[in-house]
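Participant: Here the sequence shown is numbered in full-length UniProt numbering, starting from 1 and rising by one per residue. Once you've had a glance at the structure underneath, I'll fire off some questions.
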Amino acid sequence: MTVMPRRWSPILAAMLATTGFSLEKPAITYQVFQFPADRAPVIDGDASDWAQVPESYVEDRSHLHNTAAEPPAAGDATLAVRVKVGWVKGEDRLYFLYEAEDDYWDFAQPGLRNDTFEVMVDGDASGGPFVARDQKSVWTPDLIAPADLRAEPRIDAEAARRALHGVHAQNYHVFTPAVNKDWAFILGAGTWIKDAPWAKSAQRFTVKPGEGGKITVEFYLTPFDYAGAEGPERSVTSLLTENKIIGLSWIVIDYDGPTPRGFWCLSPQRAAFGHASLLCAFRLMPPEPTLTP
Numbered sequence: 001m002t003v004m005p006r007r008w009s010p011i012l013a014a015m016l017a018t019t020g021f022s023l024e025k026p027a028i029t030y031q032v033f034q035f036p037a038d039r040a041p042v043i044d045g046d047a048s049d050w051a052q053v054p055e056s057y058v059e060d061r062s063h064l065h066n067t068a069a070e071p072p073a074a075g076d077a078t079l080a081v082r083v084k085v086g087w088v089k090g091e092d093r094l095y096f097l098y099e100a101e102d103d104y105w106d107f108a109q110p111g112l113r114n115d116t117f118e119v120m121v122d123g124d125a126s127g128g129p130f131v132a133r134d135q136k137s138v139w140t141p142d143l144i145a146p147a148d149l150r151a152e153p154r155i156d157a158e159a160a161r162r163a164l165h166g167v168h169a170q171n172y173h174v175f176t177p178a179v180n181k182d183w184a185f186i187l188g189a190g191t192w193i194k195d196a197p198w199a200k201s202a203q204r205f206t207v208k209p210g211e212g213g214k215i216t217v218e219f220y221l222t223p224f225d226y227a228g229a230e231g232p233e234r235s236v237t238s239l240l241t242e243n244k245i246i247g248l249s250w251i252v253i254d255y256d257g258p259t260p261r262g263f264w265c266l267s268p269q270r271a272a273f274g275h276a277s278l279l280c281a282f283r284l285m286p287p288e289p290t291l292t293p
């Protein structure tokens, strides 16, 4: 067995010093509201629990940009979005309230073609790719180091996928709304993370496919530092503490019938759907003074 000597070389030290990364939008640190433990939101689709969250915590459409390949695309003139994110000290959950208005809601088909709120979370902000190699828009020379782009031929492709896909950061495609399907699709090997007790969702809407109106989706999810494909018994939840920075971003995928779909991204980089270094920085905030006893 080869053991690294305790005295590191200057070259190795320099290499380690350059392996850090910066999350996107370095001038902006978004905020995650801290709910008092006795005032955590009930996941029932009723937004009244969130009235205690100040407007300064709201991320609306002005924070998003459309990365659709064929603009103008769905949502250019009609989509309005408001997102609030919260946490409770002592829990390992992130709470979300998603409120959106549009002139055309597209959710009639049974598969993945569905208006969607896609959430990506990296609970320890460790960065790096977290989707399998078949996601070619992530596994590019611009985003991945040359040595990492080379697949190891002695490792089975499926084993390599299960070791990476949604493991150290997670991607949830939250259907808005979900009708006759699961509330979310997990882009990862550990699909169990969308099930109770690790996640829960509720929604409120009256619109029919093709109609305009408002949809409210309320949910919580559990971020994992390691979400094993085998299940929760081989997983590690992220530690959530005051003032901690986590990696987080979302994409609002807007279908409007035949109109080219819109990809409204919080991160400047669309590849953030599978690369945690491209997420935005969110701080787990202390309690608001007005809510402190």
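C-beta atoms are modelled at their ideal positions from N, C-alpha and C, and glycine is treated no differently.
With three or more C-beta pairs closer than 8 angstroms as the rule, is the segment 250 to 261 touching the segment 113 to 125?
Facilitator: At 8 angstroms Cβ cutoff, the stretches touch.
Participant: Counting pairs of beta carbons, one from the segment 130 to 140 and one from the segment 268 to 280, are three or more of them closer than 8 angstroms?
Facilitator: Yes, the segment 130 to 140 is in contact with the segment 268 to 280.
Participant: Could you give the residue range of the beta strand (DSSP E) that holds L94?
Facilitator: Residues 94 to 102.
Participant: Under the rule that 16 or more other beta-carbon atoms within 10 Å means buried, what is residue 358, buried or exposed?
Facilitator: Limits of the chain in this structure are 1 at one end and 293 at the other, which puts residue 358 out of reach.
Participant: Quick one: is R154 buried, meaning 16 or more other Cβ sit within 10 Å of its Cβ, or exposed?
Facilitator: The residue is exposed, with fewer than 16 neighbouring Cβ atoms inside 10 Å.
Participant: According to the neighbour-count rule (16 or more other Cβ atoms, all chains shown, within 10 Å of its Cβ), is S9 buried or exposed?
Facilitator: Confidence at S9 is low in this model, with a pLDDT of 35, below 50, so the placement of that residue is unreliable and no value is reported for it.
Participant: Tell me the DSSP secondary structure of Q34 in three-state form.
Facilitator: Strand at Q34.
Participant: Which of the three DSSP states, helix, strand or coil, is assigned to S56?
Facilitator: Residue state, collapsed to three classes: helix.
Participant: Less than 8 angstroms between the CB atoms is what I'm expecting for L284 and W87, so what's the real figure, rounded?
Facilitator: The pair is a contact, with the Cβ atoms about 5 angstroms apart (cut-off 8 angstroms).
Participant: Report the rounded CA-to-CA distance for K84 versus P232, giving the unit in angstroms.
Facilitator: Distance between the alpha carbons of K84 and P232: 27 angstroms.
Participant: Here's a check: name, in chain order, each residue in its chain whose Cβ is nearer than 7 angstroms to the Cβ of Y226, leaving out the five neighbours to either side.
Facilitator: Counting only Cβ-Cβ distances below 7 angstroms, and skipping sequence neighbours, we find V167, H168, S235, V236.
Participant: How about H165 and V131: are their beta carbons less than 7 angstroms apart?
Facilitator: In this structure, V131 lies closer than 7 angstroms to H165 by Cβ.
Participant: Looking only at its own chain, which residues have a Cβ that is under 7 angstroms from the Cβ of T241, when we skip the five neighbours before and after it?
Facilitator: So the qualifying residues of the chain are L284.
Participant: Comparing alpha-carbon positions, which option in L187, G128, G123 lies nearest I144?
Facilitator: Comparing Cα positions, the closest option is G128.
Participant: Please state whether the Cβ-Cβ distance between Y57 and Q31 is less than 7 angstroms.
Facilitator: Yes, these two residues count as a Cβ contact at 7 angstroms.
Participant: Check each candidate in A199, A178, D182, G188 and name the one with the smallest Cα separation from F171.
Facilitator: The sequence as given places Asn at residue 171; Phe does not occur at that position. Considering only alpha carbons, the answer is G188.
Participant: Does the separation of the CB atoms of S267 and S238 fall below 7 angstroms?
Facilitator: Taking 7 angstroms as the Cβ cut-off, S267 and S238 do not qualify as a contacting pair.
Participant: Taking Cβ positions, are L279 and D122 nearer each other than 7 angstroms?
Facilitator: A contact, by the Cβ cut-off of 7 angstroms.
Participant: Using the Cβ count rule (16 or more neighbours within 10 Å means buried), how would you classify A199?
Facilitator: When all chains shown are included, A199 counts as buried.
Participant: If we ignore side chains and look at the alpha-carbon of each, how far apart do E218 and A40 end up?
Facilitator: Going by the C-alpha atoms only, they are around 12 angstroms apart.
Participant: Helix or strand or just coil, what does DSSP make of K214?
Facilitator: Looking at K214 - three-state DSSP - the assignment turns out to be strand.
Participant: Return the residue from the list A229, A51, S201, P197 that minimises the CA-CA distance to E91.
Facilitator: Ranking the options by Cα distance to E91, first place goes to P197.
Participant: Please give me, in chain order, every unbroken run of the alpha helix (DSSP H) with length at least 4 that falls completely inside the segment 161 to 198.
Facilitator: The segment 161 to 198 contains no whole alpha helix (DSSP H) run of 4 or more residues.
Participant: Among residues of its own chain, excluding the 5 on either side of A229, which ones have a beta-carbon nearer than 6 angstroms to its beta-carbon?
Facilitator: Contacts found: R162, A189, G190.
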